[in-house]
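Colleague: Read top to bottom, the protein sequences are chains A and B.
Position one of the first sequence corresponds to residue 0 (numbering that gives the first Met the number 0), numbered consecutively onward.
Position one of the second sequence corresponds to residue 0 (numbering that gives the first Met the number 0), numbered consecutively onward.
The beta carbon of each residue, even a glycine, is placed where N, CA and C say it ideally should be.
Here the structure is a predicted model, which means the values were calculated and not measured.
Let me give you the structure first, and then I'll get to my questions.
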Amino acid sequence: MTVPPPAPSAMPTYLGMPRFPDAAARAVADEGLRRNLAHATTTIRGRRAGAVAELDDWSALRESGKQIKDHVLANLGHYLRLLEERVTAAGGTVHWARDAAEANRIVTDLVRATGETEVVKVKSMATQEIGLNEALAEADITAHETDLAELIVQLGDDRPSHILVPAIHRNRADIRELFARTMPDAPPGLTDDPADLAEAARRHLRARFLAAKVAVSGANFAVADTGTLVVLESEGNGRMCLTLPETLISVMGIEKVVPSWRDLEVFLQLLPRSSTAERMNPYTSSWTGVTPGDGPSAFHLVLLDNGRTATLADDVGKQALRCIRCSACLNVCPVYQRAGGHAYGSPYPGPIGAILSPQIRGVGSPVDASLPFASSLCGACYDVCPVAIDIPEVLVHLRARAVEEGPRHPLERAAMAAAGWTLRSPARLALAQRAASAGRGAARRFRRLPGPLHAWTDTRDLPVPPRESFRAWWRRTGGGRTEEEA
Amino acid sequence: MTARDAVLGRIDAIVPPRAAADIAADYARIDREYLRRHHDDGVLDLFAERVADYRADVRRVGPDELAAAVAEILAARPGVHGVPSGLPAAWTALAPAESLAADPAVADLDGLAGAVTGCAVGIAETGTIVLDHGPDQGLRALSLVPDHHLIVVAADRVAADVPEALERLDPARPLTFVSGPSATSDIELSRVEGVHGPRTLKVLVVA
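Here's what the structure looks like:
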């Protein structure tokens, strides 16, 4: 079987994004950020565990979710063709996009064709991934985020740091200050009570919803055999965007398709409990094409590849395509909790981001090559994953790829070459070991390597070499038979 | 080459297409060991309890008490309430005519005090009410824009759990699953009621 070369993907790496360890070191030093993250993730961890424990058959649901997703991936062409046929039959229009640039072009042209210069948006990972808002801005189209956390991110000219709660790094006092500063219609005397902040967002967006002519959304699921799209949300901004405008454009990764309406009985149980720890999220909307007289009269579905087929071609890595974007893995991850989402340099942070971003974007950049190492491999992410993605397995697999294909430090290459030369000859090894033992005193005094080698000891203590190598000890004592102080 | 051909071509090269019958046979073999329902008894009690857990206001009434209960709830929220024209007239028989507007225009919804609708299905396990926007429920915007939503749930509409509820629904219709009033978890990951959808949800369970 010949596999075509991976598609050039264009998920933007945040400009000038440093390697994960550098970005993480900066984030870890930010005590306020760590406090906000620790508070939020600890709260949700406990609540998720409770919501999951309530269902005796959680492991059976998880197994079915995994099998349904694997079945889709094994027959992806079939289900996408079926989805296209059914959406079209129901009055929708299906578009295909090889990469981010193509998807952005499609959406931009669709908005332009309506003559509008503003769109309202439902929070969507796919449109974050392709950098749609920036692409629309270049075409003089303003995209208004309507999800509360996305609004917080947009008003603060900030970046999302969590899949579900993009502004998780901000606490209520930060948000109050931001609203008071950037919302012209913020009520005077706005407090940092979350209910007050929600009310301010409601007032700020209401007129915009009622006037909006074009909306852009993502999709949590698309049902192939009925052509039905499904969006789960909490606030009602999704319902506003999906029903009030005349034109609806939904951008969806090709892996989001499920075979049958019946499969939602699994995912509507798995997703809310895993993400917001609720029995059900406040609102779920589903629609099939267009309904005359109710809701948008034009519906466009953009099916996005953007590196997904390249991921599908990787036998170990393809399980990342099962992801339903619940974010449970972020909330349990000890690395995420301390480093925060921004250090991952991608709209997909945390453990799932560490396996998705390098696959979608490739391991060519410093941040992507470092992401598979952004984990202690503790396995908590796998335990909570509602579709049983073995994230540690994929991380280890991608580490090998990053070493083979990723950018390497010239010193590392030189060191590896020198190590190979030394290890090939017993005499050279003995010489090197004697030299290391002789350097004991220096290592004990300094603990930090000089020059470019400091990168190794910035996060580790320099080990003090033993006084005598094992090989030298064996020869001197006859394998321990004449043990004595050396 | 079109983008469609390119994407499907890549997919077909990785996972070659197979006969639809083989795919259907594989699909039928997916393990589904999970429960069809988590509770067998007391489904109506469970429904009322779980809806109330979201801080919705739930009351159980007999069929002959319904009109009075509706009138009482509307009186407590002065102004005009939108109703779909297919709402059974008996439900609002005791409410003053001037407090009701049948099938209001979308442009007028923001000025309404609330909306009254029926529902397609209730889900006891999750405390969810599903609207399929049939004649007794109206356009999707009707139960979205006003800040107050009263839903009348007939006992026979309540399904025990998610699988049974989905079987009863027709995905060709637009559907709205409502679990409590509008809420957000976006501030410090705690649920706060009230953002863009109705901030007050009243439910009358008729049994």
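So which residues on chain B does A/W260 lean against when the C-beta distance must stay under 7 Å?
Modeller: Going along chain B in sequence order, the residues near A/W260 (Cβ under 7 Å) are L165, P170.
Colleague: Under a CB-based cut-off of 8 Å, is A/V362 close to chain B?
Modeller: Answer no: the Cβ-Cβ gap between A/V362 and chain B never drops below 8 Å.
Colleague: Step through the CB atoms of chain A and report whether any lies within less than 8 Å of the CB of B/P134.
Modeller: With 8 Å as the cut-off, B/P134 does not count as an interface residue toward chain A.
Colleague: Quick check: the Cα distance between A/E467 and A/E404, rounded to an integer number of angstroms?
Modeller: Answer to the nearest angstrom: the Cα atoms are 37 Å apart.
Colleague: Going by CA-CA distance only, name the one from A/D29, A/R439, A/A309, A/D382 that's closest to A/P462.
Modeller: Nearest of A/D29, A/R439, A/A309, A/D382 to A/P462, Cα basis: A/R439.
Colleague: Under 8 Å between beta-carbons, which chain A residues line up against B/R17? List them in chain order, please.
Modeller: What B/R17 touches in chain A: N74, H77.
Colleague: Can you find the residues in the same chain that come closer than 6 Å, C-beta to C-beta, to A/C322, ignoring five residues on each side of it along the sequence?
Modeller: The answer, listed in chain order, is I351.
Colleague: Can a CB atom of chain A be found closer than 8 Å to the CB of B/H195?
Modeller: Yes - at least one Cβ of chain A is within 8 Å of the one on B/H195.
Colleague: Using the Cα positions of B/L188 and A/S424, report the straight-line distance between them to the nearest angstrom.
Modeller: If you take the alpha carbons of B/L188 and A/S424, they lie about 59 Å apart.
Colleague: Using a beta-carbon distance cut-off of less than 7 Å, what residues from the segment 220-246 of chain A approach chain B?
Modeller: Cβ contacts with chain B come from V222, T225, T227, S233, E234, G235, N236, R238, M239, T242, L243.
Colleague: Have a look at A/A50, A/L75, A/L32, A/G294 and flag the residue whose alpha-carbon is nearest the alpha-carbon of A/L320.
Modeller: Checked all of A/A50, A/L75, A/L32, A/G294; the closest Cα to A/L320 is A/L75.
Colleague: Starting from A/K122, follow the beta strand (DSSP E) in both directions and report where the run begins and ends.
Modeller: Note, A/K122: premise wrong, no beta strand (DSSP E); not H, not E.
Colleague: Return the CA-CA distance between A/A28 and A/V152, expressed in angstroms with no decimal places.
Modeller: Approximately 22 Å between the Cα atoms of the pair.
Colleague: Can you pull the chain A residues whose beta carbon is under 7 Å from the beta carbon of B/V191, in chain order?
Modeller: Within chain A, the residues near B/V191 are P193, A194, A197.
Colleague: Applying the 10 Å Cβ sphere with the 16-neighbour rule, what's the burial state of B/P170?
Modeller: By the neighbour-count rule (16 or more Cβ atoms within 10 Å), B/P170 is buried.
Colleague: Does the beta carbon of A/F469 sit closer than 8 Å to a beta carbon anywhere in chain B?
Modeller: So no, A/F469 is outside the interface.
Colleague: For the beta strand (DSSP E) holding B/A99, just list the boundary residues, first then last.
Modeller: Reading off the sequence shown, one finds Leu at residue 99 of chain B, where the question assumed Ala. Counting along the chain, the beta strand (DSSP E) containing B/L99 begins and ends at 99-101.
Colleague: So, does the CB of A/Q268 fall closer than 8 Å to a CB anywhere in chain B?
Modeller: It does; some Cβ of chain B falls within 8 Å.
Colleague: Would A/S284 pass as an interface residue toward chain B - the criterion being a Cβ-Cβ separation below 8 Å?
Modeller: Chain B, which has a Cβ nearer than 8 Å to the Cβ of A/S284, makes this yes.
Colleague: Jot down the residue ranges of each uninterrupted alpha helix (DSSP H) in the segment 205-230 of chain A, minimum 4 residues, whole runs only, in chain order.
Modeller: Those alpha helix (DSSP H) runs which fall completely within the segment 205-230 of chain A and span 4+ residues do not exist here.
Colleague: Quick check on DSSP: helix, strand or coil for A/A373?
Modeller: Three-state result, A/A373: coil.
Colleague: Determine the direct distance from the alpha carbon of B/D107 to that of B/G117, and round the result to whole angstroms.
Modeller: If I take the Cα positions, the gap works out to 21 Å.
Colleague: At least one CB of chain B closer than 8 Å to the CB of A/T476: is that the case?
Modeller: No, A/T476 lies away from the interface with chain B (no Cβ there is under 8 Å from its Cβ).
Colleague: Tell whether a beta-carbon distance below 8 Å holds between A/I370 and A/A353.
Modeller: In the sequence under discussion, the amino acid at residue 370 of chain A is Leu, which differs from the Ile named in the question. Cβ distance < 8 Å, so A/L370 and A/A353 count as in contact.
Colleague: Could you tell me the distance, in whole angstroms, from the CA atom of A/C380 to the CA atom of A/D173?
Modeller: Distance between the alpha carbons of A/C380 and A/D173: 29 Å.
Colleague: Using only the alpha-carbon positions, how far apart do A/H70 and A/I248 sit?
Modeller: So the two alpha carbons sit approximately 27 Å from each other.
Colleague: Is there a Cβ of chain B sitting closer than 8 Å to that of A/T87, yes or no?
Modeller: For A/T87, the answer is no, since every Cβ of chain B falls outside 8 Å of its Cβ.
Colleague: Our contact map puts B/R59 next to B/T125 with C-beta atoms below 8 Å; I'd like the distance itself, whole angstroms only.
Modeller: Actually they are not in contact, since the Cβ atoms of B/R59 and B/T125 sit about 19 Å apart, beyond 8 Å.
Colleague: In terms of alpha-carbon separation, which member of B/A75, B/P77, B/A104, B/L65 lies closest to B/T91?
Modeller: Out of B/A75, B/P77, B/A104, B/L65, B/L65 has the C-alpha closest to the C-alpha of B/T91.
Colleague: Could you tell me which residues DSSP pairs with A/F298 in its beta bridges?
Modeller: Looking at the DSSP assignment, A/F298 forms a beta bridge with A/L247.
Colleague: Which of the three DSSP states, helix, strand or coil, is assigned to A/Y343?
Modeller: Correct three-state label for A/Y343: helix.
Colleague: Using C-beta distances below 7 Å, list every residue in its chain close to A/L177, excluding the 5 sequence neighbours before and after it, in chain order.
Modeller: I151, L154, G155.
Colleague: Hey, is A/M279's beta-carbon within less than 8 Å of any beta-carbon in chain B?
Modeller: Output row for A/M279: interface = yes.
Colleague: Residue range of the alpha helix (DSSP H) that A/S63 falls in?
Modeller: Its alpha helix (DSSP H) spans residues 57-73.
Colleague: Quick one: which chain A residues come within Cβ less than 9 Å of B/I150?
Modeller: Residues of chain A passing the Cβ test: none, with the nearest at roughly 14 Å.
Colleague: Tell me which residue opens and which closes the beta strand (DSSP E) that A/H143 is part of.
Modeller: A/H143 -> beta strand (DSSP E) spans 141-144.
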